[in-house]
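Reviewing the structure listed below.
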Amino acid sequence: MRVQALVEATRRPVARRAIGIAVVLALIGAGAVTGSIAGTATAGPVREGVPVPAAQVPMIAQAALSCPSLTASRLAGQLMAESGFDAAARTERGGSGLAGLTDEVWEQWKPWVGAKRLDPEANVFALAHYMCDMVGQIRHRDVGGSLWELALGAHRSGLDTVLARSAVPNDSAAYVNEVASYAAWYAARPDFATEDADEPDDPPAQNPDVAPVPVPDQYVELVKNAGKECAAVSGPKIAAQLMAASAFNANKLGTDGAQGIAQFLPAVWNRYGQAGASPWDAAVAIPTLGRTMCALSAELSGLAEDPYPVALAAFQWGPTAIRQAEGVPDSPTVKDFAQRVLDYTAYYAKDARLGPVTPPAGAQPTPQATRTPTPNLAAPPPGTNATPTQRATTQQQGQQPAPPAANDPPAQQPTSGGPTQYQIKGYADKCIDAPSAVDGATLQLWTCTGGASQKFTFENGTIRHKGLCMDLAWASSDDGTRIQLATCNGGWAQRFKVNTAHDLVNTEVGKCVDVVDWNDANGAALQLWTCKGETNQKWWAS
């Protein structure tokens, strides 16, 4: 009998699994288990693991939903082999933590921004996503055999080695046997007694055609607010897209590498996602989906009378491919997904929870409020001795011109007091964006969407967004001071305008709003900096 029986035991329904384990155990006692996994591994006895710590059971079960090849018992077996569920463990191969991941793999697969290196939950999800990624790559190359076993072999011996051999390499066979033996033991444990049936030979459709389900309560506000980003999207559309993409499974890894609740492809996330954020974090991915669909609808508006189906296609394939196809490509998968979203939209339009809401508050973690202090509102801070005019006249030869003084007439400056809203567009053809309308929210660079988060008014020498003013954090005039939103107070730290040189300048200290480190990624922070006339300091209100 082959150890393959152990592997089968980890993916069968409970009733069959119990019988299979009993047979395997009996045969092991008789010394009958021999053979290999995928023709290379050496058999070993079923290994009794340690009980999974209670706190880790739900995270393992949830992470195992990342792809069909993974089950909770398989993931538990691998964690047992790597660390024995010891979050502080270190391996002979240089790995550490519950999952035994190397630092290189951890940096690539840590599931959210700020995840701690030895955090058990983060390690479990990182391992699950990493293994599912290898399963997907092996599946793509049409390598025969158990995808899970091959992925285990790739984890130990390298993906290229597995692809070259089309089998588990000899030097990782013992590891594959060890994990499979533990997995068979965990499959019979009551912790994981409700696992799904066999792993399918062929991957299911990435977006199964199933009846829609109500938006889970924890996502309702995120969906509503994402649907207010621009006229092209709505809460029901966002809900429909999430349902079609993942059925609200925040841990899904698609067969094409799409990630998280919204199923962002890495290339799409890199273009439209926030720098340093993770598509696995639903609180970030859902509002980013709203922004992305707004941006794609705007970018591709010339390709169809209704740009939304085109934007849905671009979300799957990227905008370049859609432009080349001059619209929705003749692909059943792409067309079916777009149609499914439109069909689901009618269902979610009946959900009163997704009705009219206040303007979006964003989904990024609320920044720590740094209110501008109220003292000394009428003058620049101590140490700022020169007036803007004096600084302009004392600049050294060869320096870029300083911005005009506060009383110079602005270029493109909207008339104060008017209700008109403007985008402020600049570096990398991106716009100033407010991730949330709260006191202390850092302003950032973002792909221009025309959405509510990018609308500003120019009133009485200030630049305002939803009743808050553009502001210098802590009323500092130092280079590097964060540009934020704050409660309007009439102080000098909130006096901004776009001047004739297209500098967005604080008119009291004569310094410019600058994109930090020339970063053109979405989410790049804005700061105050000495005006240099560089492109990362140029802005247009339109």
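Numbering (full-length UniProt numbering), first residue to last: 1 to 542.
In this text, a Cβ means the ideal position worked out from N, Cα and C, and glycines have one as well.
Annotation for N519: no alpha helix (DSSP H) segment contains it, and DSSP assigns it neither H nor E. Residue nearest to A226 within the set L70, T288 and H129 is T288 (criterion: CA-CA distance).
Within the same chain, and ignoring the five residues on either side of G426 in sequence, the residues whose Cβ sits closer than 6 Å to its Cβ are K538 and W539.
In this structure, L468 lies near D439, with their beta-carbon atoms less than 8 Å apart. DSSP places W529 inside the beta strand (DSSP E), whose first and last residues are L526 to W529. It is roughly 26 Å from the alpha-carbon of E121 to the alpha-carbon of A267. By the criterion of a C-beta distance shorter than 6 Å, M80 is surrounded in its chain by G49 and Y182, once the five residues flanking it on both sides are discounted. Listed in chain order, the non-local C-beta contacts of C512 below 7 Å within the same chain comprise P403, D503, L504, V505, W529, C531 and Q537, local neighbours out to five positions each way being set aside. Pairwise C-beta distances place the stretch 62 to 75 in contact with the stretch 116 to 132, as three or more of them are shorter than 8 Å. The closest CA to that of L147, considering only N251, D336, A180 and I60, is found on A180. Counting only runs that start and end inside the stretch 81 to 145, the alpha helix (DSSP H) elements of at least 4 residues fall at 103 to 109 and 120 to 140.
A distance below 7 Å between beta-carbons, with the five flanking residues on each side excluded, links P111 to the following residues of its chain, in chain order: A122, F125, A126, H129, S278 and W280.
Here G114 is exposed, its C-beta having fewer than 16 other C-beta atoms within 10 Å. A straight-line Cα-Cα distance of about 11 Å links A240 and D351. Residue ranges of uninterrupted alpha helix (DSSP H) with 4 or more members, entirely inside the stretch 270 to 337 and ordered along the chain, are 282 to 299, 307 to 317 and 319 to 325. Residue nearest to V233 within the set Q78, N460, P214 and Y308 is Y308 (criterion: CA-CA distance). Rounded to whole angstroms, the Cβ separation of L159 and V176 is 14 Å, and the two are not in contact under 8 Å. Proximity of the stretch 447 to 457 to the stretch 292 to 305 meets the contact definition, three or more beta-carbon pairs being nearer than 8 Å.
The three-state reading of DSSP puts D171 in helix, counting H, G and I together. For D103 and I238, the gap between their C-alpha atoms comes out near 36 Å. DSSP places N177 in the helix class (H, G or I) of the three-state scheme.
Annotation for W446: the continuous beta strand (DSSP E) segment containing it runs Q444 to T447. In the three-state reduction of the DSSP assignment, Q423 falls in the coil class. Sequence-distant Cβ neighbours of G480 in its own chain, meaning closer than 6 Å and more than five residues away, are Q527. Looking at the DSSP output, A486 shares a beta bridge with C469.
Rounded to the nearest whole angstrom, the C-alpha separation of E508 and G254 is 52 Å.
Secondary structure of R464 (DSSP, three-state): strand. Under the three-state reduction of DSSP output, N506 falls in the strand class. DSSP, read as helix, strand or coil, puts W539 in coil. L485 places its beta carbon less than 8 Å from that of A441. Residue pairing of E459 in beta bridges, as defined by DSSP: T462. N270 has its alpha-carbon roughly 17 Å from the corresponding atom of D433.
The shortest C-alpha to C-alpha distance from Y344 to any of A211, R323 and D217 is the one to A211.
In the three-state scheme derived from DSSP, where H, G and I count as helix and E and B as strand, I432 is classed as strand.
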